[in-house]
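Residue numbers (this note's numbering): 27 to 731.
Working notes, beginning with the structure itself.
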């Protein structure tokens, strides 16, 4: 059933109001839809911007990590390290007292990931830990006076004891927040005391280059540092003010620090003898220290001389009485060439003459610096003894004076080409090489001929030396040689290529090159060279051109390339030509000869070498010891560099022409290679015979065929 539309009668004003309301609703819906679309687009753009920012931050972090890899592969870097210590008056009165060192570390954490930074060994007594931090934004701002904020130890920053990289357990700062950190704490170090000698040592995780130590005095007492020793060797200053002795030290990069000092108290009667500069001028009236000496000697027999290297180890009963000097006597007609050692201030060697002793000796006095505070001192002493023409030699002995006991060991090696025999050993016990101290065996790479030990310095060792006449050996040998000859009508071209092993031979002497020969090129070790003429007319080729520093270690490979031209008479129809290679003053292990003869001649050779279709060994090749010491400008493009750098000089090669003939010969000595060519011109085609003689000639030729 159709529904009939209903008509509603409205006033015009009401109709206009309804129309406006509908129109506004429609616009509101369109605006809401447009606003929703714009908000979705905004959210998408914000997400894209955040993703782009995240990728840029990752790329920046990756680039920073890669550039940081040239400095460190870790996520942290130590930027500052300060150490200051103080030692109170209690450290000078009792054993087991401690000094307090204040450590301040400044380090940077780069990326937001958990990072472990070792601080100090877990066995060290520490307290007063303070951790402060500057955020990454504050670090980037670069304020002149940044505000360090204390870091509460909790979720993101911890102080724990942990083993890292297989090292002993250490106290570690663990954090995952990047930024600049300042970590400070106090460590207590034991101070050892022996009478007036005090010492302390630090074992650090991170190296330092500077340290400071303040020695505080008790009450009204006055004291002054008379002796000071710092290990490793350092530059230090000592200042005294207001009852405090301030020691400032500049050190090489080190993880260990040991400080020893002696002080003079105000109740000491020798206080007034201190100099105005603070140096101690008093002489301590104490008993001399009890010293034992260990002597190890390495004796090397060389050509006409015996070199001895002595290692003396003096051990005192305690560090409280330091060694000021030592005296020793070297028996025998020896020369003392040098004395060295840690803490040696000076030494003096004087001839000593004792009545009733026919053997000469040398007295050596060694003085040590006052800063050397140690119970062990090592002195290195070197001597020389001329062997002369005697068939035996007495090993020089060394006696340390004013020691409780002296023991030692000695070893004998030979450097010269001589024969050594043991003749007499008094007060010595011969032992195996394995019983010598390891530090003595490490002084030589040669086999030890004899080894001895002694328990008393009153000992004697005599050796018999047999000198044999030396026989000269070859200084150079040619391993392979290639001699090339190109013969043409009226001239011949020659080229000689050598591979040698040369030790110290300066010139290679070449015979058989006429004076009228035109030398075209000479290359030695791929370097251009110029030959010279000897008095007998032979050619001298320098062999040390282009040699490297490795030639000092023994024989070195070398190469020679020589090319020259000879003028000859015309070949004619037949004849004989001498083509023997030049004679050398060194033997040739393998000689290769190649002759190129014109095709228009028939040739036969008479030679000491064997004819060959091809060479059975590789051809000699040039040697080049150039290691590339050329300098180029910064930013040089090596991809556009030339393939080869041209060098001065001409290296001539033999052109290819004619028929080749090859020969080989082994062991050519004293110019024992000969080569002679017998040649004749090839006959042209026979002309046809005419007349009555033609049939007879054809019959005769046919019968011969």
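Every residue gets a Cβ at the ideal spot worked out from N, C-alpha and C, and that includes glycine.
In this structure, DSSP gives residue 691 an extended state, which the three-state scheme calls strand. Secondary structure note for residue 322: its beta strand (DSSP E) is the uninterrupted segment 317–328. As the crow flies, the alpha-carbon of residue 504 is around 10 Å from that of residue 523. Residue state for residue 72 is assigned as helix, using DSSP reduced to three classes. Excluding sequence positions up to five before and after residue 649, its CB lies within less than 8 Å of the CB of 525, 551, 552, 583, 584 and 585, all in the same chain and listed in chain order. Taking 3 residues as the shortest admissible run, the region 158–215 contains the following complete beta strand (DSSP E) segments, listed from N- to C-terminal end: 183–188 and 196–201.
Nearest C-alpha to residue 390 among 336, 412, 436 and 442: 336. Taking a contact as a CB-CB distance under 8 Å, the pair residue 439 and residue 489 does not count as one, their CB atoms being some 12 Å apart. Taking each of 94, 282, 75 and 421 in turn and checking the Cα distance to residue 385, the smallest one comes out for 421. Between the C-alpha atoms of residue 445 and residue 340 there is a straight-line separation of about 35 Å. According to the DSSP secondary-structure assignment, residue 527 is paired through a beta bridge with 503 and 583.
Residue pairing from DSSP places residue 409 in a beta bridge opposite 334 and 362.
In this structure, the beta-carbon distance from residue 216 to residue 280 does not fall below 7 Å. Separation of residue 453 and residue 501 (C-alpha to C-alpha, rounded to the nearest whole angstrom) is 46 Å. Going by DSSP, residue 467 is part of the alpha helix (DSSP H) stretching over 464–467. Contact annotation: residue 407 and residue 365 have beta-carbon atoms nearer than 7 Å. In the DSSP annotation of this structure, residue 136 is not part of any beta strand (DSSP E), being labelled neither H nor E. Boundaries of the beta strand (DSSP E) harbouring residue 375: 370–378, taken from the DSSP string. Note on residue 324: 16 or more other CB atoms within 10 angstroms of its CB, so buried under the neighbour-count rule. According to the DSSP assignment, residue 387 belongs to the beta strand (DSSP E) that extends over 387–394. With a cutoff of 7 Å on beta-carbon distance, residue 236 and residue 276 are scored as near each other. Annotation note: the region 600–657 contains no uninterrupted alpha helix (DSSP H) run of length 4 or greater. Residue range 431–440 is occupied by the beta strand (DSSP E) that includes residue 433.
Under the 10 Å beta carbon count, residue 322 is surrounded by 16 or more other beta carbons and is classified as buried. As computed with DSSP, residue 546 is found in no beta bridge at all.
If you draw a straight line from the Cα of residue 463 to the Cα of residue 475, it is about 15 Å long.
In this structure, DSSP gives residue 552 a state outside helix and strand, which the three-state scheme calls coil. For residue 107, the three-state secondary structure derived from DSSP is strand. Shown here, residue 270 sits in a strand according to DSSP, grouped into three states.
With contacts defined as CB atoms closer than 7 Å, residue 466 and residue 618 fail to qualify as a contacting pair.
Between residue 681 and residue 512 the beta-carbon gap is near 7 Å, inside 8 Å, which marks them as a contact.
If you draw a straight line from the Cα of residue 286 to the Cα of residue 266, it comes to about 17 Å. Taking a C-beta distance under 7 Å as the contact criterion, residue 606 and residue 690 do not qualify as a contact pair. As the crow flies, the alpha-carbon of residue 569 is around 9 Å from that of residue 555. With fewer than 16 other Cβ atoms inside 10 Å of its own Cβ, residue 363 counts as exposed.
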